[in-house]
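Numbering (our numbering), first residue to last: 1160 to 1308.
Backbone N, C-alpha and C fix where the C-beta goes; we use that ideal spot for every residue, glycine too.
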């Protein structure tokens, strides 16, 4: 499969258009609710207003990769990392995380990563801290991104 290159944009919540917000909610629902069967917690959790939304758009203008990041916090919290199910394992997640890591600059980052993705996040430079824990009935690990010195 040919690797797709996405056009990335980052928006504060109130700068998103209704169409962009709809695309985000659809992708997150597809990945987390339909794909991973996460129903123990609300997908729309009331926190989106406090985050920047990093969006990866394909040539047709469809959202294919997404994450939300609280760049204003220290460490910046990264969450809701999602790639369209048909395009997972094609490099789009690495593109997305590369954008986030570049935008972090000299700031540190933190995330609750799904445990089965720990090795992948480590390959991108993230570090595991602590023990395995359950979140939304899925095993997770706490991971950090070191600030550039």
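Rounded to whole angstroms, how far is the Cβ of residue 1234 from the Cβ of residue 1268, which I believe are closer than 8 Å?
-> About 5 Å separates the two Cβ atoms, so the contact holds.
Pull up the DSSP beta-bridge partners for residue 1242, would you.
-> Secondary-structure assignment with DSSP links residue 1242 through a beta bridge to 1224.
Could you check the C-alpha separation between residue 1206 and residue 1254 for me, to the nearest Å?
-> About 24 Å.
Which residues does DSSP pair with residue 1292 in a beta bridge?
-> Residue pairing by DSSP places residue 1292 opposite 1299 in a beta bridge.
State the start and end residues of the unbroken beta strand (DSSP E) segment that holds residue 1273.
-> Per DSSP, residue 1273 is one residue of the beta strand (DSSP E) stretching across 1268–1273.
When 1306, 1271, 1279, 1190 are compared against residue 1261, the one with the closest alpha-carbon = Relative to the Cα of residue 1261, the nearest Cα in the group 1306, 1271, 1279, 1190 belongs to 1306.
Who are the Cβ neighbours of residue 1160 in its own chain at under 8 Å, not counting the five residues just before and after it?
-> In this prediction, residue 1160 has a pLDDT of 49, which is less than 50 and means its spatial position is unreliable; nothing more can be read from the coordinates.
Could you check the C-alpha separation between residue 1181 and residue 1173 for me, to the nearest Å?
-> So the two alpha carbons sit approximately 13 Å from each other.
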